Each structure stands twice: as C-alpha cells, then as structure tokens.
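Report on the following structure.
2 protein chains.
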Amino acid sequence: MDIPATAPVAPSALTDLLDGRWAHVRRDARVRMSELPAPPVDLPTEEHRAQVLDSLRALVASGYPRAGFPKEYGGEADTGAALTAFEMLGFGDLSVMVKAGVQWGLFGGAVEALGTETHHERYLRAIMDLDLPGCFAMTETGHGSDVQHLRTTATYDPATGEFVVHTPHEGARKEYIGNAARDGRMAVVFAQLLTGGESRGVHALLVPIRTETGEPARGVRIEDCGRKAGLNGVDNGRLWFDNVRVPRDALLNRYGDVAPDGTYSSPIDGDSKRFFTMLGTLIRGRISVAGAAGSATKTALKIAVRYAQVRRQFENPETGDEVVLLDYLAHQRKLLPALATTYGLHFAQEELVTTLHDRRTDADDRAQRELESRAAGIKAIATWHATKTVQTCREACGGAGYLAENRLPGIKADTDVFTTFEGDNTVLLQLVAKGLLTGYQQHLHALGSAGMARFITDQVLGTVLERTAARGLIDRLINAVTTQDEETDLLERGWHLKLFEDREKHVLDTLARRLRRAGEEGADSFAIFNRAQDHVLRAARVHIDRVVLEAFVAAIDRCTGPAVTQLLDRLCDLHVLSNIEADLDWFLGHGRLTTARAKAVTSAVNELCAHLRPHAGTLVEAFAIPDSMVGAPIALGAERDRQDAQRSHGARELPRMEDSEEAVTP
Amino acid sequence: MDIPATAPVAPSALTDLLDGRWAHVRRDARVRMSELPAPPVDLPTEEHRAQVLDSLRALVASGYPRAGFPKEYGGEADTGAALTAFEMLGFGDLSVMVKAGVQWGLFGGAVEALGTETHHERYLRAIMDLDLPGCFAMTETGHGSDVQHLRTTATYDPATGEFVVHTPHEGARKEYIGNAARDGRMAVVFAQLLTGGESRGVHALLVPIRTETGEPARGVRIEDCGRKAGLNGVDNGRLWFDNVRVPRDALLNRYGDVAPDGTYSSPIDGDSKRFFTMLGTLIRGRISVAGAAGSATKTALKIAVRYAQVRRQFENPETGDEVVLLDYLAHQRKLLPALATTYGLHFAQEELVTTLHDRRTDADDRAQRELESRAAGIKAIATWHATKTVQTCREACGGAGYLAENRLPGIKADTDVFTTFEGDNTVLLQLVAKGLLTGYQQHLHALGSAGMARFITDQVLGTVLERTAARGLIDRLINAVTTQDEETDLLERGWHLKLFEDREKHVLDTLARRLRRAGEEGADSFAIFNRAQDHVLRAARVHIDRVVLEAFVAAIDRCTGPAVTQLLDRLCDLHVLSNIEADLDWFLGHGRLTTARAKAVTSAVNELCAHLRPHAGTLVEAFAIPDSMVGAPIALGAERDRQDAQRSHGARELPRMEDSEEAVTP
C-alpha cells in the first residue's frame, strides 16, 4: 500500500476543529476546571462527597449551570453549551460530572421539562443556585431498564387534595439515587399515578425527602448505597415512601394533570405515548454520559500515549538503544486504532449535540424519535469504547498504570458504570435496532422482548437507511468510486462509506426477513425475538458504525488546512480499517471481501499504525487537556526524567553485558 | 443441529472432578478461609493492610505455608498442594493471596531456590512463621519486563568481605515491591553482581531493609507506592540503596558464588543461561497468578449467574410474566461461553500444576523450558480471560454490580494488575511463540525484539507441535473422524481437535516462513520482528487455545459418570465453538470453514447457550465456593426475596396497565 507522507501539524490546528461550535465553552471550562480540586487519589468516602459538593458550589459561582436553563429564570437557554460543559466536566473528577448531572441535568431538567410555570417559578433559581439540592428518583430495585413498570404509587386523595406517595414493597424502593444519601432535599419521584381508582401510568412528582435540618422527611426512609466501584463523591442512596402526602401541585403536570376532584387530563392520549414523550424530554442525560465517556477516554489515551513515547524496554540489537514502547507494533495496535475511533466518536457526539441544539420546537415525532435513537446508540458505543480503551491504557502502562496517582484506576472505576446507567447498553442497542425497522414511529419505545415481539407481529417490516447530516457529501464520495471493489484503493473513502452502508443494509434486511418469516410460521413472539437477539444487536452496532464514520468524514470536510486534512484522513483510514478488521468474519462470510483483500486490510492497519506513530503525540495534545487536570506523574515527564537520568548516567556506570539478551521477570 | 438432551447432575459430582488430585487441600481451604475476614468493602488503606497481615498470621497458625517448603525445615515439600492452596486463596481477599505470594512464594521461594543450606537453616523457619516478613525486590522503575538489564549494583569489596548494594540513579529504584512499604524486614534484592571489576550478571542478595524497631535500615530509603486500583491490603513500596553493605554470605549463592578474595564461580557457564536458570526456579509465581485469576473468575461468574437466574426485567407478552435475565439469549451469550472457557482453563491449570509437581529433579532443559513456556502462556490467557469475564459479570449485574457490597468492583480492581505483573501478558506471549519455533531450547528466554531478532537470524526455523499430556486420547479422537470437514457434525470432538491443531500449525508455519524470508532479504532484524508482532502474538494464543482444549478433553475422559460426561461434553462444545466464532475471520480467511459452516457455528453457539441454560446454576455451584466467601447480597437470595415479594404482593396491588409496553429509563 502506498501511503502518501503526512506532514506534521500543530496540535492547536486540530484543537480548533475539535473544539467546534462551542469552542468558547470549552476554553472557559479549561480555565474554570483547573481551579477545582483534582480527582482524589485516596479520600475517604465522606470527605470525597464533601469535596464534590464544594466543587458544585464553585461551579454555581462561575455561572456554569445557567447555560441549560430558560432565560426567564436567569438561564441562557443554550442547550449545546450546557451539553458541551458536561462533556468538559468529564476531564475532571467524574463524581463532579455525575453529581452536576443529577442536580442540573436530571433533577433540574425534569422540573423544567415536565413541570409548568408554577414549578419553574418556585424552584428553578434555587435549583440552579444549589439552594435546593435534588434527586431524580426513577430507578427502583426491581425495575431499572423497564421503568414503565415501576411499582411506586402516587394515589390522589380528593378529600385532602393530596397525592399519597407509597413504596408498596421492597422491590419498589428507589435505588442508586444520586444526591439521596447525603445532600438531597427534594426528589422528582416517578410513580404510577392512581386517581379515581384508575391507573394513569408513570408520572413525576416533587417530594421533599429531607427537612431544613437535614433529617429525613416524615414517612421517608433513606439508606446509603455505600461504597461503589467508583464515583464515590456521589452520594447514591435508596428511598422508601410510607404513605407520604404531597399537595396536588407537586405533580409535574405538563403532560398530565389531576383536577381537585380527581379528574385526570392530558394533552397526550395513551399512557404509553405520554410516558415516552416524558422520557424523551430527558434525552440530554444520555448525550451527557456519552460526552463524558469521550472526555475520560481522551484523558486515558493522553496518559498512555505520553508514557509510551518515553518509556523504553528492551534493546534494539541493531542500535544498542532501548526501544520506546510506542515503536512496537503491538503497542501501536493497542493505542492508535482506539485513538482514531475516539476522534470519530468526538465528531459524532458533536453532530448529536448540534442536532439537539438546533431542533425546532415543532419538530415532528419522527425526527424526535430518530434523535433519541441516535443518542441511545452513540451512548452505548461511546461508553463501551471508553470501558475498553481505558482498560487497554491501564494495561499499556503496566504497574505504573495500576497506581492511583497515575489516574487510570480512577478513570476506569468511575466510567465503568456508564455502560449500564442512563440505559443499559444492551437494552439501548435493541431500541436502536427497532428504530431502524420501518413503521418505527409508532412503537419506537416498546422495548425488550415484549415490545419487539409485539412489534414484529404487528408491523410490515422493511428497512430504511437514514442519512446523517452530511448527506450530499457522502453521496458524492460514494459515487466517485468507479472501480470494482477488489481494485479500489484500500484508503478510498467512498469505498469505506459504501462498505459500511452496504453492511448495515444487509444486516437490517436479513433481520427484517428473519423476523417476518418466523412470525409467519407462527412461532411464539418472545422466542422469535430472543433467538434473533445477537442479530438485533449487530444491526444496531453497524448502524452506529456508519453514523460515526459519516460524522468523521463530515468533520474532515470542514477542515480548511491541507495538512490537518491529510492527517485526519489517515486517522479516519485507521478508524475504518480497524473497524473492518474487527468485523472481518462478517465481511468474509458475506462475500464482501476476498481472503486476499482481508489480509490486505490487516497489513494496512499495521502500516497505518506505523505511519501515524510520529503523529500520536500531536493527536493527544490536540485534546488540549490542561496538564493540571491530567495530573498523572507518568504523563507529566516524571518517567522521561527518570529514563533520561538512566541513559546519561546509569547505563554507562555498568560494564556492558557480554550477552545482552532480554528477559521477563516473574 | 441435533443436541441430545442433557440430564441434570448434582453439582457435587462436578466438584469432585474439579477438585482433582489436591481435593483435600481445597476442602481444607474452604473451611480455613471462611474463618478469615471477608474482602473489605470500604476500609482505609492502613486498616486493610493491618487486616491482611492478621490474615497471614492466621494462615501461619493453620499451617498453610508449610506445604511448599522442604521437610527438613518443617515443610511438606508438596508443590501441588502449595499451588492449589494459592489458587484457593483467590476466592478470598486477593490482597491476602498476593501478600502470601510475596512472603512465601517469592521471598521464601527465592531463599529456598537460590540460596544454599546456610540460608535455609538461618531463614526458612522464620519465613514460614512470618517472623521474618520479606520482599522480592526485582522490578525497578526503569526495568520491569527486561529484568536482565536491572541497574542496581552489588559490588564485592574484598577488603571487608562485603557486598555494597547501590541504587545508581532514579530509574534503578526498586518499584512496586510488595511488603516493602510497611511490613518487610528483609529483601531479596536482584542486582548486577560486580567483582574484580567485572560484571557477572544479575544475582540475588539478602538485604535487611528495616531494623527490629521497624525503622528503615541504614542506607535504605523506603517510599510507599500509595493507593492502587486494588490490592490495597498489600503494602507496595519503593526502595533505594545508598551503598548498603551486607556480608558475603548475603549472596544467595546456589548458582553463583564469590570467594573471600573476590573470585567468582558458578556451576553454570554464561551469565544469561545462569540468570534464566535462576528465573526458572520461580515459575510458581506465574502459575499461582493464573490459578488465583481462575478463582476470582469463578466467584464473579457465580455472582452473575445467580443474579441472572432470579433477576427479572420486561414482560413476556405470551405469558405476562417478567422474564428472568438468563432466559435472554444476549445474557446467555455474555455469561455461558465465559463459564465454559473457565472450566477449560481450570483443567489446563490443574494439568500445569500436576506437571510441575511431578517434574523429575533430573528433567532435561527442554522439558523445563516447555513447562515455563506453558506457564507463561496459561498465565497470559487466564488473566486476560479474568479481566474480560469479571468486566462482563459486572455489566451483567447492572447497577447492583457497581456496588462494592456485591464484590464485583473489588474483584475487578484486584485482578486488574494480573495481566501485567509476574510478566506482562504481551511480553509473555512472545516468549511462548518463540518457544514454539524449533531450536528453542537455546534461546528460549531471549525475549522482546532483541532476543527474537537475534533468534530468527541465528536459527533454521521450523515448527513442532508439542502434545499435551493426553497425547494418546487426542490422537484417537482425531483419527476417529472419517467424514470430510463440511459433513462432520459440529459437535464432533475429533474435528475440534483437528481444527485447533491445524490452525496452530498453519499460523506457526507461516510465521516461521515469514521471518525466514525477511531475514534472507536482509531486513533489519528488529524491523522484521516488529512487523510480525501481531502474527507472533496470534501464534502464541492459538497454541494455548489448543493446550486448553486438550486439557478439557482429557478431563472429560477422566469422568466416570455418564451424566457428568455428557454435561461437560456440551460445555466443551460451547467452549470450542465460541472460540471458533471469535476467530471466524481466520477460519474463513484461510479456507478452513465455508461461509455456510461459519453461520452454522454461530447458530450452534446460540443453541448450546439455550441448551446449557438450565445447567448454569449447577455449573457455578460446582465451584463449591462457600456462601460466606461469596458474600455479595445479590448472589445470596436478597434479590430473589425482593422479586418474590414483588410478584406475590406488589404486582397485584396495581391495576394492570392497559398498555404493557416496556421502556428504558434515561
């Protein structure tokens, strides 16, 4: 393969592209966050919680929470800025990011999106200012993914004009609720609304959980979830409600209301549609998690790449010098494809944020569902990418990567839950797959085996391929390919795009056919769906793979400088070809690649790793993470200093070994 | 595919097989370890260290450390029992396992294996009794994998009859040394031995590091490595030596000695050969880590499978019942193939322990090298399997899996370093690959690019396939296959064995040819090796895959009951076919499977998952991990109780939803 030489570029040129539309938010955050305490290395749980609360107060002082709230209450109504700020918090102590997300994203977001003017007037300023710390009490011990079946009840009592909030049994206790164990004063409680003896589905109510003096409110029991793998600066807790009475206007009544006499009314017909409309307003949580996962991944990569650039082990017998880790192909393969994909996900994330920000208030259901589906898919793929990459970075730094001072243990532990909170990734991908089958606007949210099963029996299945924002560009690139697959240059972008599109279409078509056929044969709908579950998950994955690639391509198209363009083109090549390599069994098994071309893909990944190796430093510096926030001594020259000292003094002190073979320590 | 029905078996029948030759050690350990404190959920570092030291004292009282030491000093000289005991410690607090490993395996093992009678007489009893807590000070900040190039020096001074131990620069400080930060009194220090102005390579010396009162000894500086990702009950530290003088007999002189006048002598010619002989005596460390990784994996699987058997989420619309997680194909695919491979690795581990235990003292170099290579390979594969499986189990338990009380966070954090200590896995696999190329007895240990590069230029390359212990059985099974590949039943064991053997041979042959060709073309030896590094790693992996499969097959052959045999046969099928599925790109790309057969493999994995699902409980109970050691509430019925309460009371309390679709919480 003939790869044209790639000229060096300044990291700052890349940073400009990465910073994108909300560059001012990112620049501010870099300054502001450097003033917060560094992620702790070894702090007792209570001290960590106190420190995180202080950090939230510092954020309030800097005006941080205002971005996402309406202007009438002192906010800035800038969704993109709010989401970008959350993403930036991902570079610091992730407990701060999560606690801020609970307070302003989930709690504040629910009051804003599900409440009406009364609630806004009464609470939004206090929420922004952290005078009213609150919780988002949705998940129960027995129902996490299947939240439509929550068991907590809110029964309207017309005699007193109150709702009675109650935990009917142990499985209905609220679980893992952030801000509950220590700081929360109020909670948005999701519960089955009962009025006039009828259930109206899940609604949200504001319930005080602590008094002014910090004691649990009457009828409320609070338990601390205790130590977790990570995020120990967040006070997660459990909540039980023993017939707790709240006034009628505690109901966040934008989508459903109860009159004094108990009459229920709603602008949306159907419990299910209403519930999913309510959930849909909370899409920002998933986007924020995906963004923070990206930031954590970048920090980990910066640490591992910097270390790999200075850490030496084993001599090169040709030169007598010890070899820098990043010169080993095996080490390049650990870090560089992950770095390439991190860029791709960054651009996909920005596209998602932009789409949400620019969404018209009169957007149709279909556009809304598509956005929700994309947010779910990118959240799943970005958080799994984080889990895998942070793990790889830890291993790539050996023993040094295991020391808390070098940050990777904390990043790993903190991000680990990202794959299962704000929607379990496996469940989310099923949501995505379902959205890809036609007719999806009606049943988008019906998830799990049940929803899918009903869906496949109800619908005429077919598939559509939704294009991302860069529609025109993608078509142009695909149409530019005139050669046969086998003859096309492996670095031809149009071929990449075509290959990804073709894979997605094939996987979806065969899935639709398979489900339809099984349905026609009269099989049990649960069994049909369940047997195809691996196929369903694959469909979602390859869809998101295409979305990410198209975002990457669109970002390169925005580059103005030829040098930056060229570097990103090679990075995108590595992203694409390592993705293809990871899925070679599919491409071979479906006749998309010959065995000769499959081997060429593997060789090309190796060549691209070698080609990009001199640019690895630039690519991680471009994230512009301040050194004070990276923290890790191994990333900040400590290792280089030691190695320099060793090479200039130590090595010469010893007589040369006659036999300089290398070994492994037990 | 037609899978014959598998009858239920009692877990105890499987336990008998799993417990194997050292069943008495395992039974004892289950009782003894239940008396130790449980792995802590949230203990400050210093308290955890104190607790772990107490646990070591309790082990002393129970006679635990005696198994591995010579009878003359009160030991039992039972290597297999000692290794099995370490494996069992893997079910408890892994800090105890690692600290015990440092004290009795590494420190005590080095004194025994590298020292002579003087040292044995003087120290072994005190080491066994923990009266002399010690360290194994090999790794340095600058040299971890490449320990032959350590920079610490031990210079003999004939004027005083002493060695002067010295840390010449910062990169030569001893790093991550267990027992150093708090408890160690003495260290086996690995250093370049200098006498008469000549270097004699790396040797080990006993150096006191603390006084009776616990102060650092004169000239010794000690620093605490501080908090780590896990294993915080182990006090890892750094050591610097400033011209520390120790008497001549501090040298562990079995393989190299210095006379009073400074004359050096050794029974082994050549610094390199001597050093690797010394390292070879320490093989038990790697085997112990692999064993403990297996135990931790089993605990994680037991927790995740028990939870998946009772945890319900989403309704089955056909029945109206909420579905148990383990009934979902996606969930089965997360846990069951991992469980199958855990069995395979268990049997491979036992074979390894048995081989080491039964090794004749006059075993030739070749047998010794082969054993070391196998230990290295199984350590790498078993620890990566642990890292991946524990991660999967954590995710499979969702938020509950993130709570420290449910053990998975601790297991994950503690085992994480297993992939990079006692030999970095990537480096170890290179050692294995090299051992597989002929002529390997001469250069086995020459590792990294340098060793490999010299090796490939020096040697005529070829490949040999070493058979595991079950040679006759394997041949018989392979020869029993008379059909063509395409027509052979997918569950035919002989076909599996042939396929694995053929893959290994092909990967090795092509690797050998590739290296030879590049060498003939005169390429830079470092570059040759480096460009083939992914191929090298693959060769090692597929070799170990075969070793594990053959051990699995041999274990099934030892079964006496037909029901146990049948169950293990299906489990082995799942292990094999999911391994093939993970490597489908290779089998397709090399014409070993047609696309139709590749698809059949995927279907078969799905079918085997469904088939084995009713046996999942049995398969994890068979590990016979006492509940008191599992600890996790979600594995001990707490979740079942909650779900029972919910189904019998809660669900009926609510009016049924008209629309029972399911959702996902943000």
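Residue numbers (the working numbering), protein chains in the order written: chain A, 1 to 666; chain B, 1001 to 1666.
In this text, a Cβ means the ideal position worked out from N, Cα and C, and glycines have one as well.
This structure is a prediction, so every number in the text was calculated from the model and none was measured.
Extent of the continuous beta strand (DSSP E) run through residue i
| i | result |
| --- | --- |
| Leu-1671(B) | Residue 1671(B) lies beyond the range of chain B shown here (1001 to 1666); nothing can be said about it. |
| Lys-174(A) | 174–177 |
| Ala-85(A) | No beta strand (DSSP E) contains Ala-85(A), which is instead part of the alpha helix (DSSP H) from 79–89. |
Interface residues of chain A facing residue i [CB-CB closer than 8 Å]
| i | result |
| --- | --- |
| Gly-1417(B) | Before going on, a small fix: residue 1417(B) reads as Val here, not Gly. Near Val-1417(B) (Cβ distances below 8 Å), the residues of chain A are Gly-399 and Tyr-402. |
| Cys-1225(B) | Leu-403 |
| Asn-1179(B) | Those do not exist, as Asn-1179(B) stays about 15 Å from chain A at its closest Cβ, beyond 8 Å. |
| Thr-1045(B) | Asp-42 |
| Thr-1595(B) | Leu-588, Gly-589, His-590 and Gly-591 |
| Pro-1065(B) | Simply none; closest approach about 19 Å. |
Neighbourhood of residue i by C-beta, 8 Å cutoff - its chain only, sequence neighbours within 5 removed
| i | result |
| --- | --- |
| Asp-416(A) | Ala-229, Gly-230 and Thr-387 |
| Asp-2(A) | none |
| Val-41(A) | Ala-404, Glu-405 and Gly-410 |
| Val-1630(B) | Thr-1299, Lys-1302, Ile-1303, Arg-1407 and Leu-1636 |
Beta-bridge pairing of residue i - partner residues as DSSP gives them
| i | result |
| --- | --- |
| His-669(A) | A question about residue 669(A) goes unanswered here, because the residues of chain A that appear run from 1 up to 666. |
| Gln-192(A) | Thr-153(A) and Val-202(A) |
| Cys-1135(B) | Ala-1187(B) |
| Tyr-1264(B) | Val-1258(B) |
| Leu-1251(B) | Leu-1205(B) |
Contact set for residue i: own chain, Cβ-Cβ below 6 Å, skip 5 residues either direction
| i | result |
| --- | --- |
| Gln-441(A) | For Gln-441(A), the predicted model reports a pLDDT of 35, less than 50, meaning its position is unreliable and no value from the coordinates is stated. |
| Ala-1624(B) | Thr-1015 |
| Arg-1476(B) | none |
| Ser-1012(B) | none |
| Lys-1334(B) | Thr-1392 and Ala-1396 |
| Asp-1224(B) | Ala-1181 and Gly-1237 |
| Leu-429(A) | Ala-380, Leu-537 and Ala-540 |
| Gly-1196(B) | Gly-1262 |
| Ala-1005(B) | none |
| Pro-8(A) | none |
| Gln-646(A) | none |
| Thr-1084(B) | Trp-1022 and Val-1025 |
Limits of the alpha helix (DSSP H) - the one that residue i falls within
| i | result |
| --- | --- |
| Gly-1589(B) | 1584–1589 |
| Ser-1628(B) | 1627–1630 |
| Arg-306(A) | 284–310 |
| Trp-104(A) | That residue, Trp-104(A), is in no alpha helix (DSSP H); it is neither H nor E in DSSP. |
| Arg-597(A) | 595–612 |
| Gly-519(A) | 493–520 |
| Val-1548(B) | 1533–1558 |
| Asp-271(A) | 271–280 |
Neighbour list for residue i in chain A, Cβ cutoff strictly below 7 Å
| i | result |
| --- | --- |
| Lys-1679(B) | In the structure displayed, chain B extends from 1001 to 1666; residue 1679(B) sits before or after that span and is not available. |
| Arg-1642(B) | Thr-141, Gly-142, Glu-170 and Gly-171 |
Sequence-distant residues of its chain with Cβ nearer than 7 Å to residue i (five each side left out)
| i | result |
| --- | --- |
| Ser-449(A) | Because Ser-449(A) sits at a pLDDT of 47, beneath the cut-off of 50, its placement in the model cannot be relied upon, and the point is left open. |
| Gly-184(A) | Pro-133, Gly-134, Cys-135, Ile-209 and Arg-210 |
| Ala-622(A) | Pro-11, Leu-14, Thr-15 and Leu-18 |
| Arg-517(A) | none |
| Ala-1480(B) | Gly-1494 |
Chain-ordered neighbours of residue i on chain B, where CB pairs are closer than 9 Å
| i | result |
| --- | --- |
| Leu-325(A) | By Cβ distance, chain B contributes nothing, its closest Cβ being about 10 Å from Leu-325(A), past 9 Å. |
| Val-41(A) | Gly-1226 and Arg-1227 |
Proximal residues of chain B, C-beta to C-beta of residue i below 8 Å
| i | result |
| --- | --- |
| Lys-599(A) | Gly-1589 |
Partner residues on chain A for residue i, Cβ-Cβ distance less than 9 Å
| i | result |
| --- | --- |
| Gly-1112(B) | Residue identity check: residue 1112(B) is Glu in the sequence provided, not Gly. Here the premise fails: no neighbours, minimum Cβ distance about 14 Å. |
Run through the region 345–404 of chain A for me and flag every whole alpha helix (DSSP H) of 4 or more residues, listed as ranges in chain order.
-> 365–396 and 398–402
In chain order, which alpha helix (DSSP H) runs of at least 4 residues are fully inside the region 15–67 of chain A?
-> 23–34 and 45–61
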